[in-house]
Amino acid sequence: GNLKFRLDEDKQHFYLYVDTPRYMDTSLLDCDVHPQYVTVVAKDKVLRLATPGDVKADESKSERSKITGELKITMKKAVESEILVSREEKHRNEKRTKMLKKKKTKMER
């Protein structure tokens, strides 16, 4: 696609501003935020960007200006320690699942 955008940040957030046509119906816009990238679909144009750092997708929000049509996506930065904790937790859960599967296999014998 050919969507103009700019990316700003402060200590806690990344801000993505996307120029969308002023008279385009909002139902033709779709935003999808993931921890490491964001996708914006405006009618038949697609913009996909890697975020400069991990974000909390579930705490992101989008707003659109009624005057200019500009789309603003606010993405809260994920703190590095929270990312490590969630990765360690995922690793522990994977280990626990493998152990349970082994026990179940032994019990079935």
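Residues 6 to 114 in this note's numbering are what the sequence shown spells out, letter by letter.
We put the beta carbon where it would ideally sit given N, CA and C, even for glycine.
Handout entry: N- and C-terminal bounds of the beta strand (DSSP E) containing S70
Key = Position 65 of the sequence shown, counted from the first residue, corresponds to residue 70. Counting along the chain, no beta strand (DSSP E) covers S70, and no H or E run does either.
Handout entry: Euclidean distance between Cα positions of V38 and V46
Key = As a position in the sequence shown, residue 38 is number 33, starting the count at 1. As a position in the sequence shown, residue 46 is number 41, starting the count at 1. V38 and V46 have their C-alpha atoms roughly 12 Å apart.
Practice task
May I ask you to report which of helix, strand or coil DSSP gives D8?
Solution key: What you label residue 8 is simply residue 3 of the sequence shown in a count that begins at 1. What sits at residue 8 in the sequence shown is Leu, not Asp. In the structure shown, L8 sits in coil (DSSP, three-state: anything other than H, G, I, E or B).
Problem - Helix, strand or coil at K100 according to DSSP, with G and I counted as helix - result: Here the question's residue 100 lines up with position 95 in the sequence shown. Of the three classes helix, strand and coil, the one that applies to K100 here is helix, per DSSP.
Problem - Exposed unless 16 or more other CB atoms sit within 10 angstroms - verdict on K48 - result: Numbered from 1 along the sequence shown, position 43 holds the residue referred to as residue 48. When all chains shown are included, K48 counts as exposed.
Exercise for the section: Kindly list the residues whose CB is nearer than 7 Å to the CB of I72, restricted to its own chain and excluding five residues on each side of it in sequence; keep chain order. Expected result: The residue you call residue 72 lines up with position 67 of the sequence shown. Correct list: empty, nothing qualifies.
Problem - Rounded C-alpha distance that separates S70 from L21 - result: In the sequence shown, the residue the question calls residue 70 occupies position 65. In the sequence shown, the residue the question calls residue 21 occupies position 16. Answer to the nearest angstrom: the Cα atoms are 13 Å apart.
Practice task
Compare the Cα-Cα distances from Y43 to each of M80, R101, E14 and report the closest residue.
Solution key: Counting from 1 along the sequence shown, the entry for residue 43 is found at position 38. Going by the sequence as given, residue 43 is Val instead of Tyr. Ranking M80, R101, E14 by CA distance to the CA of V43 puts M80 first.
Handout entry: M80, enclosing beta strand (DSSP E) - first and last residue
Key = Against the sequence shown, residue 80 aligns to sequence position 75. Element bounds for M80: 76-82.
Handout entry: Where S86 falls, given that 16 or more other Cβ within 10 Å makes a residue buried
Key = Here residue 86 is taken as the residue at index 81 of the sequence shown, counted from 1. Since pLDDT at S86 reaches only 49, below the 50 mark, its modelled position is unreliable, and the value read off the structure follows with that caveat. Burial call: exposed.
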